[in-house]
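The UniProt record's numbering numbers the first residue of the sequence shown as 1 and each following residue consecutively.
Take a look at the structure below.
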Amino acid sequence: LAQGPLAFNFMAGLNSQRVRGVLICFNCFHLVTTTTEKNEIVNKHNALRRNVQPTASNMLKMVKLRTTAQRWANTCSMGHSPATSGCGENLYYSSFQNTWSNVIQSWYDEVKDFSYGVGSINGGVVGHYTQVVWYRSNQIGCAMAYCPNSAYKYFYVCHYCPPGNYQFTQPYKKGPSCGDCPNACENNLCSKYKYPIGI
Numbered sequence: 001l002a003q004g005p006l007a008f009n010f011m012a013g014l015n016s017q018r019v020r021g022v023l024i025c026f027n028c029f030h031l032v033t034t035t036t037e038k039n040e041i042v043n044k045h046n047a048l049r050r051n052v053q054p055t056a057s058n059m060l061k062m063v064k065l066r067t068t069a070q071r072w073a074n075t076c077s078m079g080h081s082p083a084t085s086g087c088g089e090n091l092y093y094s095s096f097q098n099t100w101s102n103v104i105q106s107w108y109d110e111v112k113d114f115s116y117g118v119g120s121i122n123g124g125v126v127g128h129y130t131q132v133v134w135y136r137s138n139q140i141g142c143a144m145a146y147c148p149n150s151a152y153k154y155f156y157v158c159h160y161c162p163p164g165n166y167q168f169t170q171p172y173k174k175g176p177s178c179g180d181c182p183n184a185c186e187n188n189l190c191s192k193y194k195y196p197i198g199i
């Protein structure tokens, strides 16, 4: 686990996968992710993905996805869900309510410990970063819960489909933006779907 200053903010360990099962906590309160927040989540991911360095020739544009992220957040488990569903997962815990942009940026900021073609350059955690920029993970669904009985009151969960973080594989192909797009290119990202998948 990567821990921040005196347990006020920290993120979970490496990427895992989500679950279809339902575990509900009776001492937690789910906080509905608004349409504005859903758009913020997708837009923040796409902004970070289109600006990776070195540039990506095959980075797919992200769209919204309906997931079980809320069901897992509601467990207030402060841990990864069982690996049974086929989607990647990033987690974030906080003692205060944060914005989705800040949460996603904190995952991306692991780039400071990452070198393309090498991976982690100093043993630092980079799995959240690589999941955010995994070229094939082009569908995202996120949720948050308030967990009053936990040391960390807010539990954030994002599910990425298809999952990333395959061992011995780069998160994307280095090259000119959109250089290897199978279909269209939209603002330096490959567009896989003609229409977004609705939530």
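Every residue gets a Cβ at the ideal spot worked out from N, C-alpha and C, and that includes glycine.
Can you find the residues in the same chain that come closer than 6 Å, C-beta to C-beta, to residue i, ignoring five residues on each side of it along the sequence?
{"i": "Gln97", "result": "Tyr154"}
{"i": "Gly124", "result": "Asp113"}
Which same chain residues end up closer than 8 Å to residue i when comparing Cβ atoms and leaving out the 5 residues on each side of it in sequence?
{"i": "Ile121", "result": "Asp113, Phe114, Ser115"}
Does residue i pass the burial test, meaning 16 or more other C-beta atoms within 10 Å, or should it be called exposed?
{"i": "Val133", "result": "buried"}
{"i": "Ala56", "result": "buried"}
{"i": "Pro171", "result": "buried"}
{"i": "Gln167", "result": "exposed"}
{"i": "Thr169", "result": "exposed"}
{"i": "Gly141", "result": "buried"}
{"i": "Ala184", "result": "exposed"}
{"i": "Pro163", "result": "buried"}
{"i": "Thr33", "result": "buried"}
{"i": "Thr68", "result": "buried"}
Is it the case that the Cβ atoms of residue i and residue j are separated by a distance below 9 Å?
{"i": "Arg50", "j": "Met59", "result": "yes"}
{"i": "Val126", "j": "Gly117", "result": "no"}
{"i": "Asn138", "j": "Lys61", "result": "yes"}
{"i": "Tyr129", "j": "Asp109", "result": "yes"}
{"i": "Val103", "j": "Ser94", "result": "yes"}
{"i": "Gln131", "j": "Asn188", "result": "no"}
{"i": "Asn165", "j": "Gly88", "result": "yes"}
Which residues does DSSP list as the beta-bridge partners of residue i?
{"i": "Ala143", "result": "Val157"}
{"i": "Asn90", "result": "Cys158"}
{"i": "Glu186", "result": "Leu189"}
{"i": "Ser120", "result": "Phe114"}
Ordered along the chain, which non-local residues of its own chain (more than five positions away) have a Cβ less than 7 Å from that of residue i?
{"i": "Leu31", "result": "Met144, Ala145, Tyr146"}
Cβ pair count under 8 Å reaching 3, the segment 175-184 against the segment 147-163: no
Given 8 Å, three or more beta-carbon pairs between the segment 62-77 and the segment 157-174: yes
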